[in-house]
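J.:
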Amino acid sequence: MNALSPWGDFGIKDYSKLIQDFGITPFNETFEDLKDNKYYRRGMLIGHRDLDKFISEAKSGKAVAILSGIKPSGIFHIGSMITAEQMIYFQQKYSNAVLFYSIADLEAYVDNGQSLDKSDEIAVYNVADMIALGMDPGRAVAYKQSSAVAVSDLAFIFSDDVTFNMLVDIYGERKISLYFAALVQAGDIFLPETKPFNGPKPVLVPVGADQDPHIRLARDLASKHKDDLQLVPPSAIYHKLVRSLTGEAKMSKRSPQSMITLSDKKEDLKQKIMNAFTGGRATIREQKELGGEPEKCPVFDLYIYFAKDDKKIKDVYEECKNGIRMCGDCKIEAYELVSNFVEEHQARRSAVINEAQALLKNSSSLVLKRPI
Ligand code: SF4
Numbered sequence: 152m153n154a155l156s157p158w159g160d161f162g163i164k165d166y167s168k169l170i171q172d173f174g175i176t177p178f179n180e181t182f183e184d185l186k187d188n189k190y191y192r193r194g195m196l197i198g199h200r201d202l203d204k205f206i207s208e209a210k211s212g213k214a215v216a217i218l219s220g221i222k223p224s225g226i227f228h229i230g231s232m233i234t235a236e237q238m239i240y241f242q243q244k245y246s247n248a249v250l251f252y253s254i255a256d257l258e259a260y261v262d263n264g265q266s267l268d269k270s271d272e273i274a275v276y277n278v279a280d281m282i283a284l285g286m287d288p289g290r291a292v293a294y295k296q297s298s299a300v301a302v303s304d305l306a307f308i309f310s311d312d313v314t315f316n317m318l319v320d321i322y323g324e325r326k327i328s329l330y331f332a333a334l335v336q337a338g339d340i341f342l343p344e345t346k347p348f349n350g351p352k353p354v355l356v357p358v359g360a361d362q363d364p365h366i367r368l369a370r371d372l373a374s375k376h377k378d379d380l381q382l383v384p385p386s387a388i389y390h391k392l393v394r395s396l397t398g399e400a401k402m403s404k405r406s407p408q409s410m411i412t413l414s415d416k417k418e419d420l421k422q423k424i425m426n427a428f429t430g431g432r433a434t435i436r437e438q439k440e441l442g443g444e445p446e447k448c449p450v451f452d453l454y455i456y457f458a459k460d461d462k463k464i465k466d467v468y469e470e471c472k473n474g475i476r477m478c479g480d481c482k483i484e485a486y487e488l489v490s491n492f493v494e495e496h497q498a499r500r501s502a503v504i505n506e507a508q509a510l511l512k513n514s515s516s517l518v519l520k521r522p523i
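Here our numbering is used: the sequence shown runs in plain steps of one and ends on residue 523.
(1) Which two residues bound the contiguous beta strand (DSSP E) that contains K105?
(2) Measuring straight from C-alpha to C-alpha, what distance separates K375 and V354?
(3) Taking the straight line between their C-alpha atoms, what separation do you get for S230 and Q408?
(4) Identify which residue in G359, L382, A360, D378 has its Cα closest to the Cα of A369.
(5) Kindly examine the ligand SF4 and report whether one of its heavy atoms sits closer than 6 angstroms to the Cβ of R476.
(6) Expressed to the nearest angstrom, what Euclidean distance is found between the alpha-carbon atoms of K213 and Q265?
(7) If you draw a straight line from the C-alpha of E506 to the C-alpha of P288, how long is it?
(8) Is it the case that the Cβ atoms of G443 and G430 are separated by a distance below 7 angstroms?
(9) Would you list, in sequence order, the uninterrupted beta strand (DSSP E) runs of no fewer than 3 residues that lie entirely inside the stretch 203-262?
(10) What residues are listed by DSSP as bridge partners for I388?
(11) So is the beta-carbon of F451 under 6 angstroms away from any non-hydrogen atom of the ligand SF4?
(12) Does any heavy atom of the ligand SF4 sit closer than 6 angstroms to the C-beta of G479?
(13) Going straight from the alpha carbon of R290 to that of I282, what length do you get?
(14) Quick check on V393: buried or exposed, where buried means 16 or more other Cβ atoms within 10 Å of its Cβ?
(15) Take the Cβ of S224 as the centre, count every other Cβ of all protein chains shown within 10 Å, and call the residue buried at 16 or more, exposed below.
(16) Quick check: does the Cβ of T429 come within less than 6 angstroms of any heavy atom belonging to the ligand SF4?
(17) Which runs of the alpha helix (DSSP H) spanning at least 4 residues fall entirely within the stretch 397-450, listed in chain order?
(18) Compute the Euclidean distance between the alpha carbons of L488 and H228, then round it to the nearest angstrom.
(19) At the level of alpha carbons, what is the spacing between C481 and R192?
(20) Could you tell me the distance, in whole angstroms, from the CA atom of K417 to the CA atom of M425?
(21) Please identify the residue among F241, D371, M232 whose C-alpha is closest to the C-alpha of L185.
(22) On a CA-only basis, which of L372, S406, Q171, L342 is nearest Y294? Give me that one, please.
(23) Please find out if some non-hydrogen atom of the ligand SF4 comes closer than 6 angstroms to the beta-carbon of G194.
(24) At a cut-off of 6 angstroms, is G443 close to the ligand SF4 when judged by its beta-carbon and the heavy atoms of the ligand?
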């Protein structure tokens with residue numbers, strides 16, 4: 152079994168192998184509670200860990216938390232948007248849920264060489280993106296790792312529970328800074344269970360499937376601290392990674408042409424989409440005869456992320472398969488769909504910058520408190 156990398160070194164080609172190798176629970180049967188989740192209906196969610204337990208606690212009205220984060224080494228792209236939408240979906244669904252949003256500026260420092268000052272600037276936009284996508288700031292805590300004493304304290308405590316070999320098993324051989332970043336992420340995951348936030352509670356972590364190593368580490372740490380800190384093992388829900396527009400398995404912030412961001416100008420969006428790799432055939436004649444391959448096509452994926460209704464996705468799929476849809480027209484339609492969304496999102500984001508700054512400021516005083 153190979154170590155899975157949460158640091159974006161490579162994509163995932165075979166989700167069923169990942170599910171099997173690491174014991175993720177697949178969505179084999181209809182999961183009634185997720186029927187109103189567009190990514191569930193559209194086949195973007197691959198599985199979970201203890202989601203049923205989290206949902207049952209959330210439905211009972213007890214305090215629960217949703218946590219995820221972003222490395223502020225860049226502006227929101229589609230991958231960050233999907234994680235954000237998943238968090239917001241659960242926040243909106245359960246009025247007893249508080250959403251925790253970690254800005255992983257320490258990790259951006261060690262993994263991307265980005266200064267903390269630069270992360271400060273980007274963090275405000277990341278939080279504004281969250282609000283613009285629908286996060287209720289009244290039930291949210293948004294903080295930078297570097298300002299969260301509670302998170303660093305937990306990371307230090309957790310460093311006593313792991314050996315070098317255990318971390319190599321989970322993450323492969325890495326610099327110590329990345330192992331430490333992993334322990335800081337565990338600190339993030341358990342922050343909602345600390346004293347300033349009223350102690351232990353179920354926490355759900357929506358993440359891309361490549362982040363599973365952090366979840367496994369956190370669940371192991373919870374079992375070691377079930378008595379002293381009464382930590383509850385976190386639940387997780389996993390989505391597929393966003394494919395690169397250039398055809399690779401995973402888009403990367405390190406390759407701007409491979410991804411769409413929520414800050415792209417219209418002309419950039421057009422250029423990226425019109426130059427994208429497709430699942431189309433070599434000639435129009437072949438496309439008409441054989442049909443395209445939407446399963447391989449990152450342009451088809453744009454419909455999955457941005458189409459307003461599920462029927463549109465089904466129509467595009469069938470028209471492509473049956474050789475009725477040609478890639479040029481399909482790209483133009485996808486561009487219009489994406490650019491309309493991005494344009495509206497940018498207007499919403501501009502209107503909430505002050506709100507984002509206020510949320511980061513208010514949260515800072517909470518995460519400075521002693522965690523235990
Ligand atoms: S017609 Fe559209 S969905 Fe089908 S392969 Fe071409 S770009 Fe992709």
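The beta-carbon is built from N, C-alpha and C at its ideal position, and this holds for glycine as well. Everything numeric in this text was worked out from a predicted model, so none of it was measured.
T.: Reading from the atomic positions:
(1) The chain is shown only over 152 to 523; residue 105 falls outside these bounds and no answer can be derived.
(2) 17 angstroms
(3) For the record, residue 230 in the displayed sequence is Gly; it is not Ser. About 14 angstroms.
(4) L382
(5) yes
(6) 39 angstroms
(7) 8 angstroms
(8) yes
(9) 215-221, 248-254
(10) H199, P357
(11) yes
(12) no
(13) 11 angstroms
(14) buried
(15) buried
(16) yes
(17) 417-425, 435-441
(18) 16 angstroms
(19) 22 angstroms
(20) 12 angstroms
(21) F241
(22) L342
(23) no
(24) yes
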